[in-house]
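Protein chains: 2
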Amino acid sequence: MAKSGTRIQKKNQAAILKAGLDVFSQFGFRGSTIDQVAAKAGLSKPNLLYYFPSKEAIYTALLAQLLEDWLEPLKALDQDGDPIEELMAYAKLKLRMSRDYPRESRLFANEIIQGAPRISDVITGDLKSLVDEKVQIIQAWQADGKLADVHPYHLIFSIWSLTQHYADFDVQVRAILPENDPFPEAEKHLERMLRATLAV
Amino acid sequence: MAKSGTRIQKKNQAAILKAGLDVFSQFGFRGSTIDQVAAKAGLSKPNLLYYFPSKEAIYTALLAQLLEDWLEPLKALDQDGDPIEELMAYAKLKLRMSRDYPRESRLFANEIIQGAPRISDVITGDLKSLVDEKVQIIQAWQADGKLADVHPYHLIFSIWSLTQHYADFDVQVRAILPENDPFPEAEKHLERMLRATLAV
DNA sequence: GCAATATTTGACCAACTGGTCAAAGCCACG
DNA sequence: CGTGGCTTTGACCAGTTGGTCAAATATTGC
Chain A
0 MAKSGTRIQK
10 KNQAAILKAG
20 LDVFSQFGFR
30 GSTIDQVAAK
40 AGLSKPNLLY
50 YFPSKEAIYT
60 ALLAQLLEDW
70 LEPLKALDQD
80 GDPIEELMAY
90 AKLKLRMSRD
100 YPRESRLFAN
110 EIIQGAPRIS
120 DVITGDLKSL
130 VDEKVQIIQA
140 WQADGKLADV
150 HPYHLIFSIW
160 SLTQHYADFD
170 VQVRAILPEN
180 DPFPEAEKHL
190 ERMLRATLAV
Chain Y
0 MAKSGTRIQK
10 KNQAAILKAG
20 LDVFSQFGFR
30 GSTIDQVAAK
40 AGLSKPNLLY
50 YFPSKEAIYT
60 ALLAQLLEDW
70 LEPLKALDQD
80 GDPIEELMAY
90 AKLKLRMSRD
100 YPRESRLFAN
110 EIIQGAPRIS
120 DVITGDLKSL
130 VDEKVQIIQA
140 WQADGKLADV
150 HPYHLIFSIW
160 SLTQHYADFD
170 VQVRAILPEN
180 DPFPEAEKHL
190 ERMLRATLAV
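If you're matching them up, the sequences are chains A and Y in order.
FYI, numbering that gives the first Met the number 0 numbers position 154 of the first sequence as 153, with every residue one higher than the one before it.
FYI, numbering that gives the first Met the number 0 numbers position 176 of the second sequence as 175, with every residue one higher than the one before it.
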């Protein structure tokens, strides 16, 4: 992976990825067109294809980047920290990612809903390994009586679902909520729910 | 809406809707083709178009049906029942719908993620009204001290997210969980979490 | 300022898409 | 058993899509 980047190359590649995130996260892979991405990036279609060999290449580049950022926060879960605060920090970070990177969340959601055809190996590989590892930490905490005996895998799923919901179903949330910004109250609610669930 | 149905018509319409649910829930509207649906329904494309005037007609028929089933369970929330048991029953019913009708859930998720272009009126109309109505019941319960003072809208969102996650992210859940069937443990975890959250 | 290189573009293509249509086949009923 | 309506189909069409290519244009290093 050469880090080559003749100024103009870097600029256009970045513009393409940014536009691709916009388009793919809204319409999914099959529902998006190269023309849409090119237009949004301010390039002609052949020009876009000068930087990426195919539509698929843009999409997988985005997914790869995304998966990295995705795994990151969970890695920070620290065995030596206070169990409940560690989990709270993780959950809050995830919620903030839903607020600040909703398109990334939707891109991921789209891919998973469609059966994760392009990332099933990462899911069953890196992601599963990481989760397994962190589940062991949780179980150790529980053995020490520092955490309620909740099912560790489902605990993680519930943190994922509670936080990602605000990105993936943003339209619905905003349509139903009277307030403008869902996130301040969402964070309070998340904290309440998790503390109630995790307290020994 | 004529209930006309010459046996063979009913059979084929049903087959088309079933096939459409399969295809649309996996690929979204723009990512699906009439040919895919027709093939899955065991019909030729022109034959399918004899029963439905367009691709869009199949999709909206599915969405309409779905939205009805979707609103149904929340309607059952009964002011006169026991607050916590009413909410538990609602949550469990939603979870069972994720288990038994995952494609419907994914179809809905797909539509919402893409900005709900075809159902935004239902979301801001019927759905919002219904939620507002039930939120008032929850607030009445809280005023009577029968329920913890959690944010009622976010409480509903959290029930939705916790349950739909098992349908929409089914692939991920199954890839990560050691057990085969996520649902028995998911239900236990959901119950724990909600009871801990809602107890006064 | 010029040659080599990097970038951009218009024209084009084959495959696919949603949808049409007239003709053919099938079925129920008298 | 035949006829009128229901059902199915092959051929077709126009628009879109992902992708190619050679030629034109800009940039850069010398």
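Ideal placement from N, C-alpha and C gives every residue a C-beta, glycine not left out.
So residue i and residue j are supposed to be a Cβ contact under 8 Å. How far apart are they, rounded?
i	j	result
residue 161/Y	residue 43/A	About 46 Å; that fails the 8 Å criterion.
residue 28/Y	residue 58/Y	5 Å
residue 125/A	residue 70/A	6 Å
residue 190/A	residue 87/A	6 Å
residue 152/Y	residue 176/A	6 Å
residue 168/Y	residue 7/A	With 8 Å as the limit, residue 168/Y and residue 7/A do not qualify as a contact, their Cβ atoms being about 40 Å apart.
residue 147/Y	residue 196/Y	7 Å
By how many angstroms is the C-alpha of residue j removed from the C-alpha of residue i?
i	j	result
residue 26/Y	residue 94/Y	23 Å
residue 194/Y	residue 83/Y	7 Å
residue 98/A	residue 164/A	10 Å
residue 130/A	residue 159/A	12 Å
residue 38/Y	residue 63/Y	23 Å
residue 67/Y	residue 113/Y	20 Å
residue 56/Y	residue 34/Y	15 Å
residue 171/A	residue 118/A	27 Å
residue 173/Y	residue 183/Y	13 Å
residue 11/A	residue 149/Y	47 Å
residue 101/Y	residue 5/A	48 Å
residue 180/A	residue 186/A	11 Å
residue 9/A	residue 15/A	10 Å
residue 18/A	residue 40/A	5 Å
residue 72/A	residue 13/Y	46 Å
residue 31/A	residue 91/A	32 Å
residue 155/A	residue 134/A	8 Å
residue 24/Y	residue 123/Y	22 Å
residue 53/A	residue 20/Y	30 Å
residue 128/A	residue 109/Y	28 Å
residue 145/A	residue 116/Y	47 Å
residue 120/A	residue 103/Y	26 Å
residue 192/Y	residue 178/A	26 Å
residue 199/A	residue 46/A	59 Å
residue 132/Y	residue 74/Y	9 Å
residue 61/A	residue 89/A	23 Å
residue 22/A	residue 65/Y	26 Å
residue 105/Y	residue 105/A	13 Å
residue 85/Y	residue 36/Y	39 Å
residue 188/A	residue 51/A	43 Å
- Query: How about the stretch 70-87 of chain Y and the stretch 129-144 of chain Y: do they share at least three Cβ pairs that are nearer than 8 Å?
  - Reply: yes
- Message: Against chain A, which members of the stretch 89-107 of chain Y pass a CB distance test of less than 8 Å?
- Response: 105
- Message: To be precise: take each residue of the stretch 104-131 of chain A, compare its Cβ to all Cβ atoms of chain Y, and keep it if any distance is under 9 Å. Which residues remain?
- Response: 105, 108, 109, 111, 112, 113, 114, 115, 119, 122, 123, 126, 127, 130, 131
- Going along the stretch 171-183 of chain Y in order, which residues come within less than 7 Å of chain A, judged by CB to CB distance? 171, 172, 174, 175, 176
- Task: Anything in the stretch 59-84 of chain Y with a Cβ closer than 9 Å to a Cβ of chain A? List those residues in chain order, please.
- Result: none
- Query: When you check each C-beta in the stretch 35-60 of chain Y against every C-beta of chain A, which residues fall closer than 8 Å?
  - Reply: none
- Item | Contact set between the stretch 17-31 of chain A and chain Y, restricted to residues whose Cβ is under 9 Å from the partner | 24, 25, 26, 27, 28, 29, 30, 31
- Message: Please list, in chain order, the residues of the stretch 139-152 of chain Y that have any C-beta partner in chain A closer than 7 Å.
- Response: 149, 150, 152
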